[in-house]
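Protein chains: 2
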Amino acid sequence: MALTNKSRTPNSASASRRHTLTRHVHLAAKKARRNTSATCSAMEVPISKDAAWKDLEEHVNAIEETHLRDLMTDEERVMSMIKESEGIVVDYSRQRVLPETMTKLLKLAEAAKLREKIDSMFSGEHINSTEDRAVLHVALRAPTTEKIVVDGKDVVPDVHEVLEKIKVFSERVRNGEWLGATGKPLTNVVCVGIGGSFLGPLFVHTAIETNQEAMDKAQGRELRFLANVDPVDVARALSGLDPETTLVVVVSKTFTTAETMLNARTVRTWITSALGQDAVAKHMVAVSTNLKLVKEFGIDPENAFAFWDWVGGRYSVCSAVGILPLALQYGYETTDLFLQGAWSIDKHFRDTPFDQNLPVLLGMIAVWNVSFLHCPARAILPYCQALAKLAPHIQQVSMESNGKGVAIDGTTLDFETGEIDFGEPGTNGQHSFYQLIHQGRVIPCDFIGTIKSQQSVYLKGEVVSNHDELMCNFFAQADALAQGKSATDLRAENVPDALIPHKTFTGNRPSSSILLPELNAYTTGQILALYEHRVAVQGFVWGLNSFDQWGVELGKVLASQIRKQMNEARTKGRLMSSQDGHNASTTYLLNKYLSGKAQLKYADAKDVFPCDIIASEDCKVPSD
Amino acid sequence: MALTNKSRTPNSASASRRHTLTRHVHLAAKKARRNTSATCSAMEVPISKDAAWKDLEEHVNAIEETHLRDLMTDEERVMSMIKESEGIVVDYSRQRVLPETMTKLLKLAEAAKLREKIDSMFSGEHINSTEDRAVLHVALRAPTTEKIVVDGKDVVPDVHEVLEKIKVFSERVRNGEWLGATGKPLTNVVCVGIGGSFLGPLFVHTAIETNQEAMDKAQGRELRFLANVDPVDVARALSGLDPETTLVVVVSKTFTTAETMLNARTVRTWITSALGQDAVAKHMVAVSTNLKLVKEFGIDPENAFAFWDWVGGRYSVCSAVGILPLALQYGYETTDLFLQGAWSIDKHFRDTPFDQNLPVLLGMIAVWNVSFLHCPARAILPYCQALAKLAPHIQQVSMESNGKGVAIDGTTLDFETGEIDFGEPGTNGQHSFYQLIHQGRVIPCDFIGTIKSQQSVYLKGEVVSNHDELMCNFFAQADALAQGKSATDLRAENVPDALIPHKTFTGNRPSSSILLPELNAYTTGQILALYEHRVAVQGFVWGLNSFDQWGVELGKVLASQIRKQMNEARTKGRLMSSQDGHNASTTYLLNKYLSGKAQLKYADAKDVFPCDIIASEDCKVPSD
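Line order of the protein sequences matches chains P and U.
Under our numbering, the first residue of the first sequence is numbered 1, with each subsequent residue one higher.
Under our numbering, the first residue of the second sequence is numbered 1, with each subsequent residue one higher.
Printed below as a string of structure tokens:
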């Protein structure tokens, strides 16, 4: 958080700005409360002023007296911190918590009205008050027996109507009933979307693509993603594909996302260049709510799959955004398992007492690590290559949700919130950034492992199977971080004195261990929901709105201004001047770019596409 | 840093541990100095005690009085902070620095003996004192006209001898002179290696695979990497490949890296199962220094490509580690360009005065952000999809190099060092974690863009080309972070009061902009060297050893112990007990794992490989 960071160093200039801001914020908050649900507007006092928060602040002293090396010898404490639900084992005994810390954290949850907020979410209240929307990604995985009402309407039937449509469509494509313009089956799918329309589906695809059941269903099919507006990404996404056998899914809620729509137009040209204008209807479908723009684009609105304003982009993988492409690749039954897995955790989250509630416990520990122990980051370390895209997806879910500087009522937060999430699969990370985690900054880690491997290998004569080898590291790393290694230990091993400080491990570094039976569509859904709800718990307790994202707006506005100027500069062959309103740096860099572009030879430009695309960026620019 | 982190909250227990540690460290340091070079051992006083450091600490107050919104209006300041060398523009005007900040930072560089340390590195001194080794990745790209002496021997001829060997071998493979066991050309290469033997080569491969010249040379060839010991990674790496046309490059300096060697044995079995034992000589080569183990493995030592103990793993991409696979895929001339690019920055780093020296300036700004402005992280944000693997590679280079808690002489560091590096390509990141960067924590960003795209696309009727669209965001984001948007601005736009705090951007968030003419093999080498040396500058100034990695040892030792126990448990069908020496958590989790494995049916196990691999993990385990 900017302000927290500043508060560590004197900053009178920004302090005065902050005061000015705070005053306006209070006025704004008063008005805002009129529009928000009872639960949210009730939070007039920041949670950091609550006795439960103060109590935890004081409790930090007690924790600083402890070391995980000692805490891990207390078997009763350890066993009280291993929870198993829905087949998932969550072990937080290596967090820097005592049993009483957990009690205090659950009191904080109570003070923050966590129960009420969870209930408000599940009951369709407009808890995303700045956008006046409900937050109901849980409804996307609710079975037909559930009833979830938004603005007086049960949305569960709507959800299942779209699911049924996906089921029918994906089966038609998969069984060859739906064919391309030249009569060939569509075996390849390219999903065009960015952010939540990309990272979630990519995470699930990567998680199950080597799961044998999913592999069998994906036989002969290929699923790719195109997210970045960089034409290099277009080239990579389409490389080796044949338009005749490719179905394109354009994913954009509003059908106006700049990157997605330019990429969609680019891919449309790739299709129409090869197959003619009419091919669009057969080769392109949409996931969107804006049927008007879908039609204008040339896609039959019949082939648009809906979702709703109560589904945030980063929480949308369980809507048509993820289910359509995944059903096309792996069959509808696979996506159904995925939704069932997510729902198993939804129910658990909704119905389980907090002291046994996995997302609540993990979320409260995250609040503890971030706001009380001042850890700015969290590492997500799956010992499972198939979870390679978990960290990038959760990075989005978490950092976009909780990377906020103000409370939901607009008051400035005076404590640290949203952490930096990053990670790579183990053991790869061990040979990369673990050095820092062991001997540098303290970064709480999530270790994730599975009992069964998706692809078992055992070589004759080896000590253990390949998956055992992997998992030995899963078990070892958590203890290495917690226990450390002292100078005394090293001396006992006759380590030369000069090396002792370098080979000493302070230990006392927190982690959680999460063990799953195996990684399949069902457990992938569970992991997703576990992390989604954990993020929500953090946001609910911090009192911010985890479901808006105003922080992405300013960059869009500035980019849009520059786009106009760049068009003018490129078509008129002029450079930027101080009159264009940019600072000296932007003017200089833009001119460096524009004059560099002007010098590019037409012959230098590379064709990605045939005929009616002018494959040169400088075609309009005079030689300068 | 652990200790810095602790210092923010009272911690008497760990403070007393720290004092005990510090005393031993001082004794150790005295002895250590006997073994270290003059430059390193001279550093008895930590840099934080130097007047130049204190001066900067005081200067923070002056900076806190400023806002980038104002600083960016000072054209003279801005233009003094845009540097261009070797074709690369580096603009640090959006860092929170004044001209005098830079002067003070260069004084700090002087106090830290940065000049002498750089010279020591280039002149082959054993600056990696804890391992008693020189640090000479720069020698890997030195032309034959250079002379770099290590322990009395010029290593440049050795480097070029190996390069020549790579050239000859890669040409033989590429032109079909070297054939597989069944007489087929080897068109596919699988590199087995982890950490530095993986991330660096993957970064370069990803950077140039859509560069047209490189693409042309890679026609009909495929390069893949196998890093993780997870058998899922094996399955993915080998999926669709034919052993008859596949060449495997095993990369391990010592030929003992656990993951790499198990993966190498796994892939060897994949080859010998299909083609017989003798095929190994034709289908497997090694990059290693341990010829004895290479031979024992079954690889002809003639087909081993050497490197040296003065090449650290994370700095090894310019040795045979990277050059062999890249030359096989893209031809030797391409790798030669890559080395030339890196050398252009090496020379620049060695010979350019600090006030114009790009790695020095970037490194000193990083020291400022981390140690004085207390930013714990840095985001690497290339507006270039081909640089998608830059952040993971630099994450390794930086966090493994500078994620240390002690100085090179063993004294405990009392300030923040090594930052968390992470990033994704823009614009993808904008739709993911940028929310937090704009309105949450302050994270200094590196924006990287190119003037020419590797794959230009312009669609008729569009306002700008696809690459222009991408680059509009490159220009816009840096200004959005720096300028922000105030409540006053928002009110002028008639934003409802309730939303003003949510839509306010505090701004004053630092970034650097790096603009390259284009991304090709040469500029990829430049970027690599720029980041490598920047990391070295940070480590030199902080006074730590950026070239060892003792922090990875403890986890390895513990994993090795667990491996033995797991073998015993799996073969004897027993579970762990408290007598195995683990805490209650590890005992519980291990038993959960072991008993879960025992329940797996043989029929459940999936075959990745044929015949003599028993493709079941539970084959040795009784039904228990």
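Every residue gets a Cβ at the ideal spot worked out from N, C-alpha and C, and that includes glycine.
**Asked** Identify the residues that DSSP records as bridge partners of N402 of chain P: which are they?
**Response** Partner(s): none; N402 of chain P has no beta bridge.
Assigned secondary structure, V156 of chain U (DSSP; H/G/I helix, E/B strand, else coil) | helix
Exercise. Assign N520 of chain U to one of two classes, buried (16 or more other C-beta atoms within 10 Å of its C-beta) or exposed (fewer than that).
Key: buried
Note to self: Among P:T182, P:P353, P:D409, whose alpha-carbon lies nearest the alpha-carbon of K107 of chain P?
What the structure shows: P:P353
Beta-carbon of H438 of chain P versus every beta-carbon of chain U: anything under 8 Å? yes
Taking just the CA atoms, how far does F475 of chain U sit from R378 of chain P? 30 Å
Are any of the Cβ atoms in chain U nearer than 8 Å to that of R570 of chain P? yes
Kindly confirm or deny that the region 341-349 of chain U and the region 200-219 of chain U touch, where touching means at least three C-beta pairs closer than 8 Å.
no
Task: Burial state of V370 of chain U, where buried means 16 or more other Cβ atoms lie within 10 Å - done: buried
Simplified DSSP state of K452 of chain U, which is helix, strand or coil: coil
Worksheet item: Is the shortest distance between the beta-carbon of D119 of chain U and the beta-carbons of chain P less than 8 Å?
Response: no
Is the beta carbon of M72 of chain P closer than 8 Å to that of S585 of chain U?
yes
*Any chain U beta carbon closer than 8 Å to E110 of chain P*: no
- prompt: Which class does A52 of chain U belong to by DSSP, given the choice of helix, strand or coil?
  reply: helix
(message) Against chain A, does Y315 of chain P count as a neighbour if the rule is that its beta carbon must be under 8 Å from one of theirs?
(response) The structure shown contains no chain A; its protein chains are P and U.
Tell me the residue span of the alpha helix (DSSP H) that contains E84 of chain U.
Where E84 of chain U is concerned, there is no enclosing alpha helix (DSSP H), although the beta strand (DSSP E) it sits in stretches over 82-85.
* Along chain U, in chain order, which residues have C-beta atoms closer than 8 Å to that of T417 of chain P? -> G440
What are the boundary residues of the beta strand (DSSP E) that C191 of chain P is part of? 188-192
Start-end ranges of the alpha helix (DSSP H) lying completely within the region 576-606 of chain P, minimum 4 residues: 584-599
Best match in U:D548, U:V159, U:A482, U:N567 for proximity to R314 of chain U [C-alpha to C-alpha]: U:D548
Item to check | Distance, A388 of chain U Cα to A111 of chain U Cα | outcome: 37 Å
What are the start and end residues of the beta strand (DSSP E) that includes V248 of chain U?
246-251
Nonlocal neighbours in the same chain, by C-beta distance under 6 Å from P517 of chain P, ignoring five residues either side: G87, I451
Q. Can you list the residues of chain P that G403 of chain U reaches, using a CB-CB cut of under 9 Å?
A. F433, Y434, Q435, L436, I437, H438, Q439, G440, R441
According to DSSP, which residues form a beta bridge with L646 of chain U?
-> This structure cannot speak to residue 646 of chain U, because chain U is shown only from 1 to 624.
- Query: Using the C-alpha atoms, what's the distance from W310 of chain U back to I148 of chain U?
  - Reply: 12 Å
**Request:** Name the residue from U:L186, U:K184, U:R224, U:D233 whose alpha carbon lies nearest to the alpha carbon of F203 of chain U.
**Result:** U:R224
field: N- and C-terminal bounds of the alpha helix (DSSP H) containing I500 of chain P
entry: 500-503
Compile a chain-ordered list of the residues in the region 453-474 of chain U whose CB is closer than 8 Å to at least one CB of chain P.
-> S453, Q454, Q455, S456, V457, Y458, L459, K460, E462, V463, V464, S465, N466, H467, D468, E469, L470, M471, C472, N473
F485 of chain P - DSSP class collapsed to helix/strand/coil:
First, the amino acid is wrong: residue 485 of chain P is Lys here, not Phe. In this structure, K485 of chain P counts as strand in the three-state DSSP scheme.
* Asked: Which class does E462 of chain U belong to by DSSP, given the choice of helix, strand or coil?
  -> coil
Checklist entry - For K113 of chain U versus H59 of chain U, is the C-beta spacing smaller than 8 Å? => result no
Check distances from the C-beta atoms of the region 68-81 of chain U to those of chain P and list, in chain order, the residues that come in under 7 Å.
M72, T73, E75, V78, M79
With DSSP as the reference, label E496 of chain U as helix, strand or coil. Residue identity check: residue 496 of chain U is Pro in the sequence provided, not Glu. Correct three-state label for P496 of chain U: coil.
- Query: G555 of chain U: beta carbon under 7 Å from a heavy atom of the ligand GTP?
  - Reply: The ligand GTP is not part of the structure shown, which contains no ligands of any sort.
### Query
Of the residues that make up the region 490-507 of chain U, which ones have a beta carbon closer than 8 Å to any beta carbon in chain P?
P496, D497, A498, L499, I500, P501, H502, K503, T504, F505, T506
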